[in-house]
DNA sequence: GTACAACTTCAAGTCAACTTTAAGTCAACC
DNA sequence: GGTTGACTTAAAGTTGACTTGAAGTTGTAC
């Protein structure tokens, strides 16, 4: 039953030691046992950090991860904790995805429709919504050609 | 031909005066004419800022917006500028959208498959990839029930 | 006894896009 | 002359998730 040093833990989970100290500092990890001043960890910390990493991958902030660990009554099962936080996070991600879609729409529209010469022209066009007209002929407002 | 004060411009474009000063400071807006120390703007600044706002909505950073304005040879038409920057940005947005999809996948998988009691259990499961087994019976991996 | 690596703490720095604050200037009105 | 309101500048603060730096401690190796 070997106790791990901070850099050993860091190595195993793919973090830097400073990140692990930070997690302890902000209360995501409980203060580790010290041996002559230095942190020593049991293997369980690897599970802890696996959860943290998975949650980060899933888009949770460190505050939310703290909720996951400490924001429930003590007996609350892990599955219930994930359920609750995930539901909310899925909503946020959906919103984010929609934002991205509308950015893509704007960009595609810009690439397709903007024939402005100067950016000021372009700005004028934007104020009338959409972007500027073609230099010579006015296109008959075709809709996006499939896809 | 009325010259606009900074707060009038801000009001019209929906920014705060401090943002406009900031844009000047970082070189997105050219230094405005001063009248007894105060900034005065012609109507063209509204086009400028319309472009800035549109670019922000499309996901461009302020650095990229500076590129849009000043990162091309002087004669480069606006449409060409947008094309170049948009192509790159669309790639980034695509990557971002994929990240979000994988987060959503992780979360849905978690909600569906995790029946862990403790988060440590959960962490153990994650280390073996996926999450923990059911408490009693093993569910036959049903796929999401519509929607 | 001293060099060294690995750790410690605490404070400050990083990034982006601003905002906030403090202290000062200016023109207009009473 | 005094007050008000809108402006000015420069510097510092904000948020999140860390990293970096400085200065100090510990255990081990030579």
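Residue numbers (the numbering used here), protein chains in the order written: chain A, 3 to 149; chain B, 3 to 149. Quick reminder that beta carbons are idealized off the backbone N, C-alpha and C, glycines included.
Residue i: first and last residue of the uninterrupted alpha helix (DSSP H) it sits in
| i | result |
| --- | --- |
| residue 58 (chain B) | 46-59 |
| residue 76 (chain A) | Run containing residue 76 (chain A): none; DSSP gives neither H nor E here. |
| residue 20 (chain B) | 19-27 |
| residue 121 (chain B) | 121-129 |
Proximity below 8 Å, CB of residue i to CB of residue j
| i | j | result |
| --- | --- | --- |
| residue 30 (chain B) | residue 71 (chain B) | yes |
| residue 105 (chain B) | residue 60 (chain A) | yes |
| residue 150 (chain A) | residue 43 (chain A) | Nothing about residue 150 (chain A) can be read from this structure; chain A reaches only from 3 to 149. |
| residue 28 (chain A) | residue 12 (chain A) | no |
| residue 87 (chain B) | residue 66 (chain B) | yes |
Span of the beta strand (DSSP E) around residue i
| i | result |
| --- | --- |
| residue 42 (chain B) | 40-42 |
| residue 37 (chain B) | 35-37 |
Rounded separation between residue i and residue j - CA only
| i | j | result |
| --- | --- | --- |
| residue 124 (chain A) | residue 6 (chain B) | 21 Å |
| residue 129 (chain A) | residue 93 (chain A) | 32 Å |
| residue 25 (chain A) | residue 82 (chain A) | 23 Å |
| residue 54 (chain A) | residue 84 (chain B) | 40 Å |
| residue 19 (chain B) | residue 117 (chain B) | 52 Å |
| residue 89 (chain A) | residue 40 (chain A) | 39 Å |
| residue 76 (chain B) | residue 120 (chain A) | 10 Å |
| residue 131 (chain A) | residue 100 (chain A) | 20 Å |
| residue 4 (chain B) | residue 69 (chain A) | 55 Å |
| residue 98 (chain B) | residue 73 (chain B) | 25 Å |
| residue 58 (chain B) | residue 14 (chain B) | 17 Å |
| residue 127 (chain A) | residue 108 (chain A) | 14 Å |
| residue 122 (chain B) | residue 133 (chain B) | 11 Å |
| residue 155 (chain A) | residue 110 (chain B) | Nothing can be reported for residue 155 (chain A): it is not among the residues displayed for chain A, which extend from 3 to 149. |
| residue 95 (chain A) | residue 49 (chain B) | 33 Å |
| residue 144 (chain B) | residue 79 (chain A) | Confidence in residue 144 (chain B) is poor, its pLDDT being 26 and thus under 50, which makes the residue's placement unreliable; the coordinate value appears in the next sentence. Residue 144 (chain B) and residue 79 (chain A): Cα-Cα distance of roughly 22 Å. |
| residue 16 (chain A) | residue 36 (chain A) | 22 Å |
| residue 47 (chain A) | residue 9 (chain A) | 13 Å |
| residue 103 (chain B) | residue 38 (chain A) | 46 Å |
| residue 91 (chain B) | residue 115 (chain B) | 36 Å |
| residue 64 (chain A) | residue 56 (chain B) | 32 Å |
Residues bridged to residue i [DSSP beta-bridge criterion]
| i | result |
| --- | --- |
| residue 6 (chain A) | A:43 |
When Cβ atoms are compared, which residues of the stretch 26-51 of chain B fall closer than 8 Å to chain A? 46, 48, 49, 50, 51
Against chain A, which members of the stretch 95-123 of chain B pass a CB distance test of less than 7 Å? 95, 98, 99, 102, 105, 106, 108, 109, 112, 113, 116, 117, 118, 119, 120, 121, 122, 123
Could you please tell me which residues of the stretch 59-86 of chain B, in chain order, have their CB closer than 8 Å to any CB of chain A? 59, 60, 61, 70, 71, 79, 80, 81, 83, 84, 85
Contact residues within the stretch 12-25 of chain A, judged by C-beta distance below 9 Å to chain B: none
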